[in-house]
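Here is the structure we will look at, set down as structure tokens.
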Amino acid sequence: MNKRLKTLTKGIIDVSPLMIPVVPFGIIYGVIGMDLGIGPYMTLGLSIIIFGGASQIVLLQLFSGGVSSLVILSSVGAVNARHVLYGAVLSEHLSGLKLFWKIILSYVMTDQAFAVSNDYFKKNNKDNDQHYHLLGSGFTCWTIWQISTILGIVLGSVVPEELGLSFTISLTFLALLISDFRKFKNIIVMLVSGLIATIGYNTIPFKAYIIVAALTALIVAALLTLMDLKKK
Amino acid sequence: MHWSLIIYAGIITFVTRFSMIFLLKEDILNNKAKKILSFVPAAIFPAIIFPPIFLDDSGIVDLENNPKILAAIFAIIVGFLSKNVIATIFVGLISYWFLIFFIFNKI
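In order, the protein sequence lines correspond to chains A and H. Residues 1 to 232 in the working numbering are what the first sequence lists, from first letter to last. Residues 1001 to 1107 in the working numbering are what the second sequence lists, from first letter to last.
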């Protein structure tokens, strides 16, 4: 098999298990869109144009609450601000690419694609075609998200809410952190982030609790790293 | 809803993803910065994980009548021991279902 195709396939395979919870999430999103009466085209349009699950649901919630456009857009920005950090992490591996590639890969960069491809990049740093991995993982997310959005639009509310399928979203992100569970510094950073987000969920405006928690946790990470370097 | 709102939201989202990939050149980050950025998943994911687990529908911390906390603990134990992503997700979900059906009688 061609090496690029191999890397692309590796990206698809690596991200696939993480797609299991995305399907119910997409269906729930589709159902919410239809319940709010924005119609099938706009519901799918949001998935294609924004392509960010949590921010799409926040947008719909705020819109149905009659909130002003400015607040809605700030909230979408706040929910998606974490991507800036993903970009900073991945830039090291993608900076040599043509602009066209950077645009395509940015569009498909989701939490799940970032997590698996960042791991792959770290392990295959010398490989010139490593970006095919992100192309594979990103477009797998994209395809699954669009299909499950359509399923949600078509099926309506047949998925029983009691099964708690939205809980699988938390579980996916938890599973993405398992390699950090054995590192003491990472556990501290995780606890700081989680606690601030939980406390700030109701108190930080514009749904900015994720980025506020993340930046605070990163400052803690920076302090821990600098303390470590000083010791040596 | 206006399509313009959707398009603006799409542009904002794209800019969050594109900005750093576009702006940062290779080797602009020193080793210290790279080391700190390696904490990004640990700094972001718990902020997504914690609130839906610990808060109830009205946004109040619920520690007692909350099967999600126990299910998450089982998932963490399995993740810690097995280092396997799929096993972690499945044990979390299956123990959650077990808890809501038999222990917490939520259904």
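Ideal Cβ positions, reconstructed from N, Cα and C, are used throughout, including at glycine. Since this is a predicted model, take the numbers as computed values, not measurements.
Thinking just about the alpha-carbon of each residue, which of the options is nearest to the one in residue i?
i, options, result
"His93 of chain A", "A:Pro21, A:Asn118, A:Leu85, A:Ala81", "A:Asn118"
"Ile219 of chain A", "H:Val1061, H:Leu1099, H:Ile1044, H:Ile1069", "H:Ile1044"
"Thr198 of chain A", "A:Val67, A:Ile38, A:Tyr209, A:Gly152", "A:Tyr209"
"Met227 of chain A", "H:Ile1007, H:Arg1017, H:Lys1032, H:Thr1016", "H:Lys1032"
"Trp142 of chain A", "A:Gln112, A:Lys123, A:Lys122", "A:Gln112"
"Pro966 of chain H", "A:Val79, A:Val189, A:Asp129", "Any answer about residue 966 of chain H is impossible in this case: the structure gives chain H only from 1001 up to 1107."
"Lys10 of chain A", "A:Gly87, A:Tyr86, A:Thr140, A:Ser106", "A:Thr140"
"Ser1038 of chain H", "A:Trp145, A:Tyr86, A:Thr203", "A:Tyr86"
"Ser1095 of chain H", "A:Leu155, A:Phe167, A:Ile147", "A:Phe167"
"Ile1060 of chain H", "A:Asn202, A:Asp129, A:Ile211, A:Gln130", "A:Asn202"
"Lys185 of chain A", "A:Thr225, A:Asn125, A:Val154, A:Thr149", "A:Thr225"
"Leu151 of chain A", "A:Ile50, A:Val192, A:Ser69, A:Met34", "A:Met34"
"Val154 of chain A", "A:Pro21, A:Gly30, A:Asn2", "A:Gly30"
"Val79 of chain A", "A:Ser193, A:Val212, A:Leu223", "A:Val212"
"Thr177 of chain A", "H:Phe1054, H:Ile1049, H:Leu1093, H:Asn1066", "One point to set straight first is that residue 177 of chain A is Leu, not Thr, in the sequence displayed. Checked all of H:Phe1054, H:Ile1049, H:Leu1093, H:Asn1066; the closest Cα to Leu177 of chain A is H:Ile1049."
"Ala1042 of chain H", "A:Ala221, A:Leu229, A:Lys230, A:Lys231", "A:Ala221"
"Val22 of chain A", "A:Ala54, A:Gly194, A:Ala217, A:Gly39", "A:Ala54"
"Gly1010 of chain H", "A:Phe51, A:Lys3, A:Ile32", "A:Phe51"
"Thr110 of chain A", "H:Thr1016, H:Lys1035, H:His1002, H:Trp1003", "H:Thr1016"
"Ala115 of chain A", "H:Val1040, H:Ser1058, H:Pro1052", "H:Val1040"
"Ala175 of chain A", "H:Ile1012, H:Thr1013, H:Pro1051, H:Phe1080", "H:Phe1080"
"Thr7 of chain A", "A:Thr216, A:Gln130, A:Lys183", "A:Gln130"
"Leu59 of chain A", "A:Ile104, A:Ile13, A:Val76, A:Lys230", "A:Val76"
"Val1085 of chain H", "A:Ser179, A:Leu229, A:Ile187, A:Leu99", "A:Ser179"
"Ile233 of chain A", "A:Thr149, A:Ala217, A:Ser193, A:Tyr107", "There is no way to answer for residue 233 of chain A, as the model of chain A reaches only from 1 to 232."
"Phe206 of chain A", "A:Val67, A:Phe181, A:Leu134, A:Val71", "A:Val71"
"Lys122 of chain A", "H:Ile1007, H:Lys1035, H:Trp1003, H:Ser1004", "H:Lys1035"
"Ala217 of chain A", "A:Leu191, A:Lys230, A:Gly96", "A:Leu191"
Checking contacts by CB at 7 Å: is residue i closer than that to chain A?
i, result
"Leu1005 of chain H", "yes"
"Leu1093 of chain H", "yes"
"Ile1103 of chain H", "no"
"Phe1098 of chain H", "no"
"Phe1050 of chain H", "yes"
"Phe1054 of chain H", "yes"
"Phe991 of chain H", "Residue 991 of chain H lies beyond the stretch modelled for chain H, which goes from 1001 to 1107, so this question has no answer here."
"Ile1077 of chain H", "no"
"Ile1073 of chain H", "no"
"Ile1012 of chain H", "yes"
"Leu1024 of chain H", "yes"
"Ile1086 of chain H", "yes"
"Ile1089 of chain H", "yes"
Under a CB-based cut-off of 7 Å, is residue i close to chain H?
i, result
"Ser68 of chain A", "no"
"Arg267 of chain A", "Not covered by the structure: residue 267 of chain A. The range shown for chain A is 1 to 232."
"Asn260 of chain A", "Nothing in the structure corresponds to residue 260 of chain A, since chain A is present only between 1 and 232."
"Thr143 of chain A", "no"
"Phe206 of chain A", "no"
"Ala78 of chain A", "no"
"Met34 of chain A", "no"
"Lys123 of chain A", "no"
"Asp180 of chain A", "yes"
"Met190 of chain A", "yes"
"Asn128 of chain A", "no"
"Phe139 of chain A", "no"
"Gly156 of chain A", "no"
"Thr198 of chain A", "yes"
"Phe184 of chain A", "no"
"Ile210 of chain A", "yes"
"Thr149 of chain A", "no"
"Leu218 of chain A", "yes"
"Ser75 of chain A", "no"
"Ser193 of chain A", "yes"
"Leu135 of chain A", "no"
"Leu59 of chain A", "yes"
Open item on the list: Ignoring anything shorter than 4 residues, give me the alpha helix (DSSP H) runs that lie fully in the stretch 52–125 of chain A, in order along the chain.
Closed with: 53–64, 69–80, 82–94, 99–107, 111–123
With contact counted as at least three CB pairs below 8 Å, one residue from each stretch, are the stretch 41–48 of chain A and the stretch 1–21 of chain A in contact? no
Any contact of the stretch 1065–1084 of chain H with the stretch 167–176 of chain A, i.e. 3+ C-beta pairs under 8 Å? Yes: the two stretches touch, three or more of their Cβ pairs being nearer than 8 Å.
Let me know the beta strand (DSSP E) ranges lying completely inside the stretch 168–212 of chain A, each 3 residues or longer, listed in chain order. none
- Query: Is the stretch 20–36 of chain A in contact with the stretch 143–156 of chain A, if contact means three or more CB pairs nearer than 8 Å?
  - Reply: yes
The stretch 90–106 of chain A touching the stretch 1017–1030 of chain H, judged by at least three CB pairs closer than 8 Å:
yes
Contact residues within the stretch 8–22 of chain A, judged by C-beta distance below 9 Å to chain H = Pro17, Leu18, Ile20, Pro21
Checklist entry - Going along the stretch 23–52 of chain A in order, which residues come within less than 8 Å of chain H, judged by CB to CB distance? => result Ile38, Met42, Gly45, Leu46, Ile49, Ile50, Phe51, Gly52
Can you give me, in chain order, the residues of the stretch 86–103 of chain A that have a beta carbon less than 9 Å from any beta carbon in chain H? Hits within the stretch, in order: Tyr86, Gly87, Ala88, Val89, Leu90, Ser91, Glu92, His93, Leu94, Ser95, Gly96, Leu97, Leu99, Lys102, Ile103.
When you check each C-beta in the stretch 166–177 of chain A against every C-beta of chain H, which residues fall closer than 8 Å?
Ser166, Phe167, Thr168, Ile169, Ser170, Leu171, Thr172, Phe173, Leu174, Ala175, Leu176, Leu177
Inset, instruction - Could you name the residues of the stretch 106–121 of chain A whose beta carbon sits closer than 7 Å to any beta carbon of chain H, in the order they occur along the chain? - result: Ser106, Tyr107, Met109, Ala115
inquiry  = In chain order, what are the residue ranges of uninterrupted alpha helix (DSSP H) at least 4 long that sit wholly in the stretch 1051–1101 of chain H?
reply    = 1067–1082, 1085–1098
Chain A contacts from the stretch 1034–1049 of chain H (Cβ-Cβ distance under 8 Å): Lys1034, Lys1035, Ile1036, Leu1037, Ser1038, Phe1039, Val1040, Pro1041, Ala1042, Ala1043, Ile1044, Phe1045, Pro1046, Ala1047, Ile1048, Ile1049
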